[in-house]
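The structure appears right after this line, and notes come after that.
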Amino acid sequence: MVFNHPVCLAVSLACALTYSIYLNGKKAVRFSLIYMLPMMVFAALLNPAFNHEGATILDYLPDGNPLTLESIIYGMAAAAMLAAVITWFSCFNEVITSDKFVYLFGRIIPALSLIFAMSLRFVPRFKSQVKAVSNAQKCVARDVASGNIIQKARHGMRILSIMTTWVLENAIECADSMKSRGYGLPKRTAFSIYKFEKRDKISVILILLFGGTVIAGAVSGKLDFIFYPVIKGGDFNIYQTVLFAAYFALCALPVFINAKEDLKWKILSSQ
Numbered sequence: 059m060v061f062n063h064p065v066c067l068a069v070s071l072a073c074a075l076t077y078s079i080y081l082n083g084k085k086a087v088r089f090s091l092i093y094m095l096p097m098m099v100f101a102a103l104l105n106p107a108f109n110h111e112g113a114t115i116l117d118y119l120p121d122g123n124p125l126t127l128e129s130i131i132y133g134m135a136a137a138a139m140l141a142a143v144i145t146w147f148s149c150f151n152e153v154i155t156s157d158k159f160v161y162l163f164g165r166i167i168p169a170l171s172l173i174f175a176m177s178l179r180f181v182p183r184f185k186s187q188v189k190a191v192s193n194a195q196k197c198v199a200r201d202v203a204s205g206n207i208i209q210k211a212r213h214g215m216r217i218l219s220i221m222t223t224w225v226l227e228n229a230i231e232c233a234d235s236m237k238s239r240g241y242g243l244p245k246r247t248a249f250s251i252y253k254f255e256k257r258d259k260i261s262v263i264l265i266l267l268f269g270g271t272v273i274a275g276a277v278s279g280k281l282d283f284i285f286y287p288v289i290k291g292g293d294f295n296i297y298q299t300v301l302f303a304a305y306f307a308l309c310a311l312p313v314f315i316n317a318k319e320d321l322k323w324k325i326l327s328s329q
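This is the structure:
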């Protein structure tokens with residue numbers, strides 16, 4: 059989201075897609091083809107249709123507005139940025155579970171981290187409960203697909219009423235469970251299976267090294283890229299090559315860490 063340089067956007071999108079496919083397999087490929095690709099095409103076509111800035115005029119639209127090369131390139135860059143952000147957040151949602159989030163921020167912002175963790179946990183539980191209630195109602199011909207429009211609306215309201223009751227009861231049970239386990243008491247300990255080990259220190263050092271290099275290059279203006287009125291980027295030199303390599307290493311680090319651990323596990327399991 060920060061860097062609009064085409065090379066940075068291409069690296070970010072490629073690494074995000076690679077990591078998403080690594081984590082989710084065919085599910086990520088299907089999501090990319092069904093949702094991400096049409097969204098990227100739509101975003102890329104939307105910008106030149108409404109934004110007519112730019113000095114390089116390629117043609118004129120039926121309404122008389124110019125179609126410029128700069129608007130097309132910027133639309134493609136915006137589409138790549140949007141797809142990369144969504145894909146990175148899908149990877150985040152797959153990797154950072156609620157217990158990991160509580161471990162990271164439980165002592166710093168305990169209340170907010172607990173609410174966020176409960177929200178992440180609530181969404182899949184709510185979806186599964188809605189499915190269970192809908193299947194139960196379908197057995198008695200009271201699902202949203204049965205009857206006329208009025209009956210469908212009435213069945214939908216019944217399911218909504220059941221889910222509202224379930225949510226309220228679940229909230230009361232959760233509050234009682236937290237109270238019985240001593241939530242909010244001073245000097246209360248928390249169990250966690252995670253430890254800050256040597257490999258975590260190495261990962262943090264690499265992130266700081268690559269991230270610091272990229273930030274230094276951004277501050278110095280080596281990653282700036284101008285789309286309007288004419289396309290203009292920095293001079294391609296050795297320093298910029300180092301910045302792109304550092305940015306690639308930063309984005310590809312999660313894939314490298316997972317691949318390394320999988321390779322280690324295969325070696326150990328084969329012995």
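Numbering follows the numbering used here, with no gaps: position 244 of the sequence shown is 302.
Here a beta-carbon is modelled for each residue, glycine too, at the ideal position from N, C-alpha and C.
In whole angstroms, what is the alpha-carbon distance linking residue i and residue j?
| i | j | result |
| --- | --- | --- |
| Ile325 | Lys158 | 27 Å |
| Glu255 | Leu127 | 51 Å |
| Leu266 | Gly83 | 29 Å |
| Ser219 | Asn193 | 15 Å |
| Ser278 | Met59 | 18 Å |
| Phe150 | Ala276 | 24 Å |
| Ala274 | Ile260 | 21 Å |
| Ala169 | Lys210 | 40 Å |
| Val202 | Ala229 | 26 Å |
Can a CB atom of chain C be found closer than 7 Å to the CB of residue i?
| i | result |
| --- | --- |
| Pro182 | Reference to chain C is not applicable here, since this structure consists of a single protein chain. |
Which of the three DSSP states, helix, strand or coil, is assigned to residue i?
| i | result |
| --- | --- |
| Phe184 | helix |
| Phe283 | strand |
| Asp320 | helix |
| Phe61 | coil |
| Val90 | Reading off the sequence shown, one finds Ser at residue 90, where the question assumed Val. In the structure shown, Ser90 sits in a helix (DSSP, three-state: H, G or I). |
| Ala194 | helix |
| Val202 | coil |
| Ile166 | coil |
| Ser278 | coil |
| Gly214 | helix |
| Gln329 | coil |
In the DSSP assignment, what residue or residues form a beta bridge with residue i?
| i | result |
| --- | --- |
| Gly338 | Since the first residue shown for the chain is 59 and the last is 329, residue 338 is missing from the structure and cannot be characterised. |
Does residue i pass the burial test, meaning 16 or more other C-beta atoms within 10 Å, or should it be called exposed?
| i | result |
| --- | --- |
| Thr222 | exposed |
| Lys280 | buried |
| Trp146 | buried |
| Tyr241 | exposed |
| Gly112 | buried |
| Tyr77 | buried |
| Ser70 | buried |
Quiz prompt | Completely contained alpha helix (DSSP H) runs for the region 110 to 161, where each covers 4 or more residues | solution = 127 to 153
Exercise. Ignoring anything shorter than 4 residues or poking outside the region 217 to 274, list the alpha helix (DSSP H) runs there in chain order.
Key: none
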